[in-house]
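Enquirer: First, the structure itself, so that you have it in front of you.
Number of protein chains: 2
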Amino acid sequence: MTPEEFRDAGHQMIDWIADYRANIDQMPVRAQVRPGEIKNKLPTSPPETPETIDRLLQDLDQIVLPGITQVQHPMHFGWFPSNASLASVLGDIASSGLGTIGISWESCPALTEIEQVVCDWMRQLTGLSEQWEGTIHDTASTACLTALLLAREQASGYSQNAGGLQSMSKPLVVYTTEEAHSSVTKAALLAGFGKRNLRLVNHDITTRAMLPEDLKARIEQDIADDFQPTAVVASVGSTGVTAFDPVAQIAEITSQYKLWLHIDAAMAGNAMLLPECRHLWDGVEAADSISWNPHKWMGTILDCALFYVKDPEHLIRVMSTNPSYLRSSVDQQVTQYRDWGIPLGRRFRALKLWFHLRLDGPEAIRNRLRRDLDNARWFASEVAKSPDWQVVAPVTLQTVCIRHQPDGFQGEALNKHTLAWVDAINQSGEAFMSPAKIDDCWLARVSIGVETSTREHVKKLWDLIQSSAVQTLK
Amino acid sequence: MTPEEFRDAGHQMIDWIADYRANIDQMPVRAQVRPGEIKNKLPTSPPETPETIDRLLQDLDQIVLPGITQVQHPMHFGWFPSNASLASVLGDIASSGLGTIGISWESCPALTEIEQVVCDWMRQLTGLSEQWEGTIHDTASTACLTALLLAREQASGYSQNAGGLQSMSKPLVVYTTEEAHSSVTKAALLAGFGKRNLRLVNHDITTRAMLPEDLKARIEQDIADDFQPTAVVASVGSTGVTAFDPVAQIAEITSQYKLWLHIDAAMAGNAMLLPECRHLWDGVEAADSISWNPHKWMGTILDCALFYVKDPEHLIRVMSTNPSYLRSSVDQQVTQYRDWGIPLGRRFRALKLWFHLRLDGPEAIRNRLRRDLDNARWFASEVAKSPDWQVVAPVTLQTVCIRHQPDGFQGEALNKHTLAWVDAINQSGEAFMSPAKIDDCWLARVSIGVETSTREHVKKLWDLIQSSAVQTLK
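Quick note, the sequences are listed as chains A and B, same order. As numbered in the working numbering, residues 1 to 474 make up the first sequence, in order. As numbered in the working numbering, residues 475 to 948 make up the second sequence, in order.
Here is the structure:
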């Protein structure tokens, strides 16, 4: 395809995207297709001859769109908000058009240096001190794996350069809670610690926050049992009920016993753009690594996970490679981001953050986050004052966990009822929300914060919820 | 930013990209900036108020473009080709515009099912049998790490679900060669094996291909020494000199001793689109995993690394998570790609491959690859017949490794000369190539295959090379 052919097709694509975004609220929120339905619409063999852009756009309309759960839809209240702001989309388009590869500073100095600058802007915007240096990973899952690799190598004296984790005489141990994101367990397992050496520390029954006294007791027990306590992953805004582990108290313990402290603030890191929320991670400066995803609530399109460390030297020592074909004369003076994560080649991800911050501006972003917090408080108060309805977890940010419990509904009957009324809403396509299971009991999560979701949409959702719950009882 | 504002800005962005690509050959190939130069042009604090798209486009022109080593430039002969075909860029733009999240099948059925289909198309196009199932990772580095995790868990009987790698009584061992990509060592270290348990098997002095008899001898020695041979990573087209490890002979050994065999065909997998090249990975069907990057020579924009396995059940067992907030009623009937790799959230990467294959068509892609092979043969023959010039490695694909060795130049003097004439070309901005060090001796790599590179460009390069080498002697 020549640049001129691209120009024509590109204009059509832009119009297609603008129309799609403008009319997104006309579509069902959850994809209404059955498993295999999309696949069955596609040829089993690759094409041989070129097709036209019109044909592709037609397929986007007819095959792709019905197969998307519309997370940009104002009636989407599932998982966490995953905003792809159009300002950041423009930056992503620039990145695609440039087609750069970040395998070394030399391969694209702008990719490296703009990433340094925007990571520092985000540090300032979230009130972190100058001791933090950041990079962009694909997701908080990868960032958490990286953090646990850093912890493993710190505790093992760089065993990877010798006999590996398998040469350790004492088993290394990782601590988190049951409330932590699934990626924490996955990271601990992939890093080789083994499930038996992953401790799920007790949490408070109401807030579901880690109990520091239990953490301390487990560490001491492990030391007595000849294990080597290695790392704590603290959740700052968990996925289930937005629980906040008490960072300051945990950090005191990790400093005392010299454990690595990783802060998984995947969602709630976004809230730290608001000074009034920063008390939620009090003590964060004493951690060793932090990650959070602007690609959630803040709205810098996926994949954009920030990963900050205080000691880049250690990070580089664990993650670095320096093959001859990537060497250049300036290697000693520059940052090589390939040594800050797992992949060698990297997209120009900084552009989407750069465009987002400059085209929308932090002030507008903060206002939107405050709007959502306000909507969540309003919604929670409506639920709380309605008979048979409960708000079942503290509403600290924009996610409200609720349950409808008519007289006599308990245990399995209650679970069945909850899943039924949520599923009826999701199936209708009018709104979408994702249930979650806490202590064997299902609840409905209403996660407010799509860029275009206003109070009107939240009101509409509350009406839908009430009628669905009542209908389901019939 | 509203859809209408996006429409206007998007059209400007498309024109900017089309102009950039149309005029790329007017720019210096290698970025001409000094370390810190880009960073110093940017504000140290984030903006507060919104800026305009015109301002951003101006900065793309004035700050970003000079900071890019133009890998899409027809005079780029560095590293490996990293084509970002405009057909695939359109698919990438569609992905950005849609703003989907692939955290489960339910979150975007189209993302999952189109990925299944295009991975199967690529399987067919490279002549792999139906026993392979594929997914898209960001890079071959991540795919290699995943492969070694699969090997580790197979050999250790799923130690991650028990005491971890640290509980193993015999150290697990990985085999590769010195010629393997740096990401293989990195993957072995991150997976916890430890450098001491990574064996660099001897290679043939001319082809730099792994010597199967040495592999076998080392495995037997390790067994005798009470180690547990676990995995072999074979390079199919190495980065330095495009060495091809003999897959069939290696596979015989890995089956005999029950080791995992991973095929790292990051670059040369692209050549398998050509039936006449497939003998280069003869025996590949007996491997356990394969990865290669369409984002290299084939030209599906980065990041697009294919990862194929024969036993997805094992893959899922090692990589899976199943938290309650991601469960849906169809979980048993669908593919959950989050369990096929490290990150949870995934972009709609299949679109760029889908667009590329449909808009350009495989026939045109194959023709281009054949053009490049032909150019490489022509270039190598020109070099070979010139006095003082040598082709220093077999030219199997499109990368030609050369050296200029005038009378009396050896050892350090020769190294200095090689680096000097290559650097003079790179500094000039007229062309770019990356040297590589083999057995302590530098050589110049000319990696042919940018989408717009024709015979004329290769001729121009050969003129530049000759005059630079002569100039440097003065």
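By construction, the Cβ of each residue, glycine as well, lies at the ideal position given by its N, Cα and C atoms. Since the model is a prediction, treat every value here as computed from it, not as a measurement.
Could you tell me which uninterrupted beta strand (DSSP E) segments, each at least 3 residues in length, are contained entirely in the region 256-343 of chain A, listed from first to last along the chain?
Expert: For the region 256-343 of chain A, whole beta strand (DSSP E) runs of length 3 or above, ordered along the chain, are 260-264, 289-292 and 305-309.
Enquirer: Can you check whether the C-beta of Val309/A is within less than 9 Å of a C-beta belonging to chain B?
Expert: Counting from one through the first sequence, the residue named residue 309/A turns up at place 309. No, no contact with chain B.
Enquirer: Output, in chain order, the set of chain B residues within a Cβ distance shorter than 8 Å of Glu363/A.
Expert: As a first step, residue 363/A must be located in the first sequence, where it is residue number 363. Ordered by position in chain B, the residues that pass the 8 Å Cβ test against Glu363/A are Glu522 and Thr523.
Enquirer: Following the continuous beta strand (DSSP E) through Lys170/A, name the residue where it begins and the one where it ends.
Expert: Here residue 170/A refers to the residue found at position 170 of the first sequence. Here Lys170/A belongs to no beta strand (DSSP E), and DSSP marks it neither H nor E.
Enquirer: On a Cα-Cα basis, can you pick out the residue from Ala561/B, Gly571/B, Ala492/B and Thr659/B that is closest to Asn322/A?
Expert: Along the first sequence, one-based indexing puts residue 322/A at 322. The residue with the shortest Cα to Cα distance from Asn322/A is Thr659/B.
Enquirer: Who are the Cβ neighbours of Asp612/B in its own chain at under 7 Å, not counting the five residues just before and after it?
Expert: Walking along the second sequence from the start, residue 612/B turns up at place 138. Hits under 7 Å: Asp777 and Ala779.
Enquirer: Please report the straight-line C-alpha distance between Ile63/A and Ser129/A, rounded to a whole angstrom.
Expert: The count along the first sequence starts at 1 and reaches residue 63/A at position 63. The count along the first sequence starts at 1 and reaches residue 129/A at position 129. Straight-line Cα distance between these residues: approximately 48 Å.
Enquirer: Return the CA-CA distance between Ala745/B and Ile103/A, expressed in angstroms with no decimal places.
Expert: One-based indexing of the second sequence puts residue 745/B at position 271. One-based indexing of the first sequence puts residue 103/A at position 103. Approximately 22 Å between the Cα atoms of the pair.
Enquirer: How would you list, in chain order, the residues of chain B whose beta-carbon sits under 8 Å from the beta-carbon of Trp121/A?
Expert: For the purposes of this step, residue 121/A is taken as residue 121 along the first sequence, with counting starting at 1. Chain B residues near Trp121/A: Ser519 and Pro520.
Enquirer: What are the partner residues of Gly134/A, as DSSP defines its beta bridges?
Expert: One-based indexing of the first sequence puts residue 134/A at position 134. Tyr308/A, per the DSSP bridge assignment.
Enquirer: Could you work out which residues of chain B lie near Lys186/A, taking near to mean beta carbons separated by less than 9 Å?
Expert: Taking the first sequence and counting its residues from 1, the one referred to as residue 186/A is at position 186. In chain order: Met793, Ser794, Thr795, Ile816 and Leu818.
Enquirer: Would DSSP call Ala905/B helix, strand or coil?
Expert: As a working mapping, residue 905/B is identified with position 431 in the second sequence. Coil at Ala905/B, not helix or strand.
Enquirer: Exposed or buried, Asn514/B, counting other C-beta atoms within 10 Å across all chains shown (16 or more means buried)?
Expert: Locating residue 514/B in the second sequence gives position 40, where the first residue counts as 1. Label assigned to Asn514/B: exposed.
Enquirer: Could you give the DSSP three-state label for Arg877/B: helix, strand or coil?
Expert: Locating residue 877/B in the second sequence gives position 403, counting from the first residue. Three-state result, Arg877/B: strand.
Enquirer: When you compare only the Cα positions, how much space is there between Leu663/B and Gly163/A?
Expert: As a working mapping, residue 663/B is identified with position 189 in the second sequence. As a working mapping, residue 163/A is identified with position 163 in the first sequence. Computed Cα separation, rounded: 10 Å.
Enquirer: Hey, is Ala850/B's beta-carbon within less than 9 Å of any beta-carbon in chain A?
Expert: Working through the second sequence from its first residue, we reach residue 850/B at position 376. Taking Cβ atoms only, chain A never reaches closer than 9 Å to Ala850/B, which makes this a no.
Enquirer: Please state whether DSSP places Met487/B in a helix, a strand or coil.
Expert: Along the second sequence, read from residue 1 onward, the residue named residue 487/B stands at position 13. Met487/B falls in the helix class under three-state DSSP.
Enquirer: With distances taken from CA atoms, which of Asp339/A, Leu145/A and Leu344/A is nearest Asp264/A?
Expert: As a working mapping, residue 264/A is identified with position 264 in the first sequence. The option with the nearest alpha carbon to Asp264/A is Leu145/A.
Enquirer: Using 10 angstroms around the beta-carbon of Leu947/B, count the other beta-carbons present and answer buried if the total reaches 16, otherwise exposed.
Expert: If you number the second sequence from 1, residue 947/B lands on position 473. It is exposed - the Cβ of Leu947/B has fewer than 16 other Cβ atoms within 10 Å.
Enquirer: Excluding sequence positions up to five away, which residues of its chain have a Cβ less than 7 Å from the Cβ of Asp756/B?
Expert: Position 282 of the second sequence, counted from the start, is the residue given in the question as residue 756/B. Hits under 7 Å: Val721 and Ala722.
Enquirer: Mind listing, in chain order, the continuous beta strand (DSSP E) runs of no fewer than 3 residues lying wholly within the region 517-566 of chain B?
Expert: Counting whole runs of 3 or more residues, the region 517-566 of chain B contains no beta strand (DSSP E) stretch at all.
Enquirer: Within 10 angstroms of its Cβ, does Lys258/A collect 16 or more other Cβ (buried), or is it exposed?
Expert: One-based indexing of the first sequence puts residue 258/A at position 258. Under this definition Lys258/A is an exposed residue.
Enquirer: Quick check for students: name the residue ranges of the alpha helix (DSSP H) that lie wholly in the region 818-850 of chain B, counting only runs of 4 or more.
Expert: Segments of the alpha helix (DSSP H) lying fully in the region 818-850 of chain B: 824-833.
Enquirer: Could you please give the first and the last residue of the uninterrupted alpha helix (DSSP H) stretch that includes Val503/B?
Expert: Locating residue 503/B in the second sequence gives position 29, where the first residue counts as 1. Note, Val503/B: premise wrong, no alpha helix (DSSP H); not H, not E.
Enquirer: Locate the alpha helix (DSSP H) running through Trp121/A, then write down its first and last residues.
Expert: Counting from 1 along the first sequence, the entry for residue 121/A is found at position 121. Where Trp121/A is concerned, the enclosing alpha helix (DSSP H) stretches over Pro109 to Leu125.
Enquirer: Is it true that the region 387-400 of chain A meets the region 441-453 of chain A, where meeting means three or more beta-carbon pairs spaced less than 8 Å apart?
Expert: Yes: at least three Cβ pairs fall under 8 Å.
Enquirer: Tell me, please, whether the region 104-115 of chain A touches the region 456-470 of chain A by the rule of three or more beta-carbon pairs shorter than 8 Å.
Expert: With the cut-off at 8 Å, the region 104-115 of chain A and the region 456-470 of chain A do not touch.
Enquirer: Using the DSSP secondary-structure output, state which residues sit across from Met210/A in a beta bridge.
Expert: Counting from 1 along the first sequence, the entry for residue 210/A is found at position 210. Answer is His203/A, bridged to Met210/A.
Enquirer: At a CB distance below 8 Å, what residues from the region 185-208 of chain A approach chain B? Give them in sequence order.
Expert: Here the close residues are Thr185, Lys186, Leu189, Leu190, Ala191, Gly192, Phe193, Gly194, Lys195, Arg196 and Asn197.
Enquirer: Under the assumption that Ile114/A contacts Ala350/A (Cβ atoms under 8 Å), give the Cβ distance between them as a whole number of angstroms.
Expert: As a first step, residue 114/A is located in the first sequence; it is residue number 114 there, counting from the start. As a first step, residue 350/A is located in the first sequence; it is residue number 350 there, counting from the start. Contact flag correct, Cβ pair sits at about 4 Å.
Enquirer: Decide if the region 327-340 of chain A is in contact with the region 755-773 of chain B; the criterion is three or more beta carbon pairs, one per stretch, under 8 Å apart.
Expert: They do not touch, by the three-pair rule.
Enquirer: For the region 893-912 of chain B and the region 543-560 of chain B, state whether three or more C-beta atom pairs, one from each stretch, are separated by less than 8 Å.
Expert: Segments in contact, yes.
Enquirer: Taking only beta-carbon positions, decide if Gly571/B is within less than 9 Å of chain A.
Expert: Indexing the second sequence from 1 puts residue 571/B at position 97. Interface residue, yes.
Enquirer: For Tyr811/B, decide whether its Cβ has a neighbour in chain A, counting only Cβ atoms nearer than 9 Å.
Expert: Here residue 811/B refers to the residue found at position 337 of the second sequence. So no, Tyr811/B is outside the interface.
Enquirer: Hey, does Tyr20/A have any beta-carbon neighbour from chain B nearer than 9 Å?
Expert: Here the question's residue 20/A lines up with position 20 in the first sequence. Cβ-Cβ to chain B under 9 Å: yes for Tyr20/A.
Enquirer: According to a CB-to-CB cut-off of less than 7 Å, which residues of the region 483-514 of chain B neighbour chain A?
Expert: For the region 483-514 of chain B, which is checked against every Cβ of chain A, the residues closer than 7 Å are Ala483, Gly484, His485, Met487, Ile488, Asp489, Ile491, Ala492, Tyr494, Arg495, Ala496, Ala505, Val507, Pro509, Ile512 and Lys513.
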